[in-house]
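**Student:**
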Amino acid sequence: MQKTISVKNVEYAVNEKPILQGVSFRCAEDERICIFGENGAGKSTLLKIICGELEPDSGRVEKQGHIRFVFVPQEFDHSHQDLLIEEFIKEKAGETLSKKVHMFAKMLGFHVEKHKDTKCGRLSGGQQKILALSCAFALAPDFLLLDEPENHLDIVSRVELVRLLEEFRGAIIFISHDRLLIDGVATKIGEIVQGKIFISEGDYDDYIQTKVERIAGLQRDHDVRSKRIKQLSSAIVILQQKAFRGKEVSAYKRAKEELAQLKKEAKENGRPDEAQNKIKIASTEQGLHGGKLVLKVVKGMFEFPEPKKRIFDNVDLEIRTGDKVVLLGRNGSGKSTFLKCLTGELPFTKGEATFGNGISYAYFDQHAQFDPELRAVDIVCQKLNMIDQEARSVLGMMKFDTPRMISPIKNLSGGERMRLRFAIVFGQRPDLIILDEPTNHIDEVTWEILLEACKTSKSTILLVSHDYEFIEAFAPTMFWVVHNQTVLPRHKELGELLEEMKG
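Heads up: the sequence shown at position 284 corresponds to 1051 in the working numbering, and the numbers run straight through without jumps.
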């Protein structure tokens, strides 16, 4: 008997707000399904329902055959913070599988034996994720349920994770926004849109083609519905007058009922989201003429004084206008510390970083918070010292429509809030934009918007990201690699650099 998990007409709401509406799909033992969708679409909720952590309001999840499954959540369980690493392994995988857990963790870049007396709460986010994933691989379940398994992993670990998932012999249902992971693992993609799921066969390119066809169909339906609503609205005025005189009463009632039904469908389906089509962002004429010095580091060195720990030394770098630079490094190598030294948040212990004459820069803060009662357009006006019309133009570049521009921040989705942060950075039109891990936790639409903004911007860009596909599409002019306590400029291919960074 083939082992399968079937989701049948699952409904789920939070505070009476529908999250999942009639979700149905099936995953067989040889399939790998990526659950995709915008932030807040209900992806994590669906995975928790499948593994039994949440009960659906209606519908059910059926498991055929004796299925062993392991669920790795998006974030590490706080209840395990006080466990020693070996205690965690014993609880999750069993003592007999400890060596296998160590082996998988080492493949992913975490040497467990060096931290065996460490409590889980003292580990970094990447180490915690590797530990949880390694226990899951060691158990060799029939089904792996993974909620954004790439979270907190550096780019080298992500590439290795893709390899391990490709070699895994069971079924996988996973949530991810990482293109490399999706392309390397998924045999199907299920996108959640307005509480419903749409399944497409194949890889990411196949999904995009299916989505384009679906949106085109929605647009045709929308156009036909709109035309019929207009016809009925005109006809009802005449039929109402006749009905008042006792004529064609039944025709009037039928027209009213049809109009009400069409308006209900229009409200439920809405207008096809233009942001889901190919995204174009107007290029802005910011930045200086190509080739001028933007930033120079001379003999840069930084160490923490107590306890004394050197992070990098003898760094000599420069970046010029028009450059698109990616800063690469393993987790804990010192990338964030290096950026803080560049911007002056931390002083170099020795050496210095100097900006070119008159150079302006903007730093992307993925954790920037806004007054929840203010509108998006108000925030841009405040931050960029703009009038209303200018602010709307900036938000329009980030694919905000008018209703969302004037919506309070508290009503915006996670993806929309991230796009607002991007709007504030790119809207400054600085000579240098520093983007520290902007691809973390962003949905497909925001990913595309950010990429197009980076590619069309006239600003020099310094990017930190662990997203392999984003880096490749960004097409950097060079890499800065943080490795062995220094930062070096490199002009090799990304794949070659990742192999070097494994050492």
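Note that the Cβ used here is the ideal one computed from N, Cα and C, for glycine as well.
In chain order, what residues of the same chain lie with their CB nearer than 6 angstroms to the CB of ASP921, ignoring the 5 residues before and after it?
**Tutor:** Once the five neighbours on either side are set aside, the close Cβ partners of ASP921 are ARG1097, ASN1098, HIS1233.
**Student:** Grab the span of the alpha helix (DSSP H) containing PHE1137 for me, first residue to last.
**Tutor:** It is not in any alpha helix (DSSP H) - PHE1137 carries neither H nor E in the DSSP assignment.
**Student:** What's the gap between the Cα of GLY1262 and the Cα of TYR974?
**Tutor:** Cα to Cα, the separation comes out at about 26 angstroms.
**Student:** Cβ of VAL850 within 9 angstroms of Cβ of GLU858?
**Tutor:** The displayed chain sequence assigns Leu, not Val, to residue 850. Yes.
**Student:** Looking at C-alpha atoms only, which residue of ALA1242, LEU1218, PHE803, LYS830 is the closest neighbour of ILE959?
**Tutor:** Of the listed residues, the one whose Cα sits closest to ILE959 is PHE803.
**Student:** Give me the Cβ distance between ARG1142 and PRO1175, rounded to the nearest whole Å; I'm assuming they're in contact under 8 angstroms.
**Tutor:** Yes, ARG1142 and PRO1175 are in contact; Cβ-Cβ is about 6 angstroms, under 8 angstroms.
**Student:** Count the C-beta pairs between the segment 1210 to 1224 and the segment 832 to 839 that are closer than 8 angstroms, then say yes if the count reaches three, no if not.
**Tutor:** As far as the Cβ criterion goes, the segment 1210 to 1224 does not touch the segment 832 to 839, which means the pair count is below three.
**Student:** If I measure Cβ to Cβ from GLY1118 and keep anything under 6 angstroms in the same chain, skipping five residues before and after, which residues do I get?
**Tutor:** Cβ within range, chain order: VAL1065, LYS1066, GLY1067, MET1068.
**Student:** For GLU1126, which three-state DSSP category applies?
**Tutor:** In the sequence as presented, Glu is not what sits at residue 1126; that position holds Ile. Reduced to three states, the DSSP call for ILE1126 is coil.
**Student:** Rounded to a whole number of angstroms, what is the C-alpha to C-alpha distance between THR936 and LYS955?
**Tutor:** The sequence given here has Arg at residue 936, not Thr. Cα to Cα, the separation comes out at about 16 angstroms.
**Student:** Between which two residues does the beta strand (DSSP E) carrying MET1245 extend?
**Tutor:** From DSSP, the beta strand (DSSP E) with MET1245 extends over 1245 to 1250.
**Student:** Quick check on this structure: which residue in ALA907, LYS867, ILE852, PHE904 has the alpha carbon closest to the alpha carbon of ARG881?
**Tutor:** This sequence places Lys at residue 881; Arg is not what is there. Of ALA907, LYS867, ILE852, PHE904, the residue nearest in Cα terms is ILE852.
**Student:** Of all the alpha helix (DSSP H) runs that stay within the bounds of the segment 860 to 918, which reach a length of 4 or more residues?
**Tutor:** Runs of the alpha helix (DSSP H) inside the segment 860 to 918: 865 to 874, 892 to 906.
**Student:** Buried or exposed for ILE1154, going by 16 or more other Cβ atoms inside 10 Å?
**Tutor:** That one is exposed.
**Student:** How far does the beta strand (DSSP E) with LYS963 in it reach, from first residue to last?
**Tutor:** Its beta strand (DSSP E) spans residues 963 to 968.
**Student:** Determine whether the beta carbon atoms of TYR779 and GLY807 lie at a separation below 9 angstroms.
**Tutor:** No, these two residues do not count as a Cβ contact at 9 angstroms.
**Student:** Would the segment 817 to 830 count as touching the segment 769 to 788 if we require 3 or more Cβ pairs under 8 angstroms?
**Tutor:** Yes, they touch.
**Student:** Round the Cβ separation of VAL929 and LEU947 to the nearest angstrom and send it over; I've been treating them as touching at under 8 angstroms.
**Tutor:** Correct: roughly 6 angstroms between the Cβ atoms.
**Student:** Using C-beta distances below 7 angstroms, list every residue in its chain close to LEU1265, excluding the 5 sequence neighbours before and after it, in chain order.
**Tutor:** Only ILE922, VAL923, VAL926 meet the Cβ criterion.
**Student:** Quick one: Cα of LYS1102 to Cα of ALA860, how far?
**Tutor:** Answer to the nearest angstrom: the Cα atoms are 33 angstroms apart.
**Student:** So is GLN976 buried or exposed if we call it buried at 16+ other beta carbons inside 10 Å?
**Tutor:** Result: exposed.
**Student:** Let me know the secondary structure DSSP gives GLU1041 once reduced to three states.
**Tutor:** Summary for GLU1041: the model assigns pLDDT 42, below 50, so the residue's position carries little reliability; its value from the coordinates is reported in the next sentence. Three-state DSSP puts GLU1041 in a helix.
**Student:** I'd like to confirm the pairing. Which residues does DSSP put opposite SER811 in its beta bridges?
**Tutor:** Beta-bridge pairing links SER811 to no other residue.
**Student:** With DSSP as the reference, label LEU821 as helix, strand or coil.
**Tutor:** It is coil, neither helix nor strand.
**Student:** What first and last residue would you give for the beta strand (DSSP E) that runs through GLN788?
**Tutor:** 784 to 795 is the span of the beta strand (DSSP E), which, as asked, contains GLN788.
**Student:** At what residues does the alpha helix (DSSP H) containing PHE1193 begin and finish?
**Tutor:** Element bounds for PHE1193: 1181 to 1194.
**Student:** Would you call GLY819 buried or exposed, if buried means 16 or more other Cβ atoms sit within 10 Å of its Cβ?
**Tutor:** By the 10 Å Cβ count, GLY819 comes out exposed.
**Student:** Does the Cβ-Cβ distance between SER901 and HIS869 come in under 9 angstroms?
**Tutor:** Taking 9 angstroms as the Cβ cut-off, SER901 and HIS869 qualify as a contacting pair.
**Student:** Taking THR1308 as the reference, give the member of ASP1080, VAL979, ILE1228 with the closest Cα.
**Tutor:** Since the displayed the chain opens at 768 and closes at 1270, residue 1308 lies outside it and no answer follows.
**Student:** Less than 9 angstroms between the beta carbons of HIS919 and GLY893, yes or no?
**Tutor:** In contact: HIS919 and GLY893 (Cβ atoms closer than 9 angstroms).
**Student:** Measure how close the beta-carbons of SER1224 and LEU1199 come, nearest whole angstrom, since I'm counting them as under 8 angstroms.
**Tutor:** Actually they are not in contact, since the Cβ atoms of SER1224 and LEU1199 sit about 11 angstroms apart, beyond 8 angstroms.
**Student:** In whole angstroms, give me the CA-to-CA distance for ARG1159 and LYS1166.
**Tutor:** Taking the straight line from one Cα to the other gives about 10 angstroms.
**Student:** With 16 other CB atoms within 10 Å as the buried threshold, where does PRO1205 fall?
**Tutor:** Flag for PRO1205 reads buried.
**Student:** Would you tell me roughly how many angstroms separate the C-alpha atoms of ASP1145 and ARG1186, rounded to the nearest one?
**Tutor:** Approximately 15 angstroms, taken between the alpha carbons.
**Student:** Suppose you measure from the CA of ILE1086 to the CA of VAL1092; what does that come to, to the nearest Å?
**Tutor:** In a straight line, the C-alpha of ILE1086 is about 8 angstroms away from that of VAL1092.
**Student:** Give me, in chain order, the residues of the same chain whose beta-carbon lies closer than 8 angstroms to that of LYS1059; leave out the 5 immediate sequence neighbours on both sides.
**Tutor:** ARG1087, THR1088, GLY1123.
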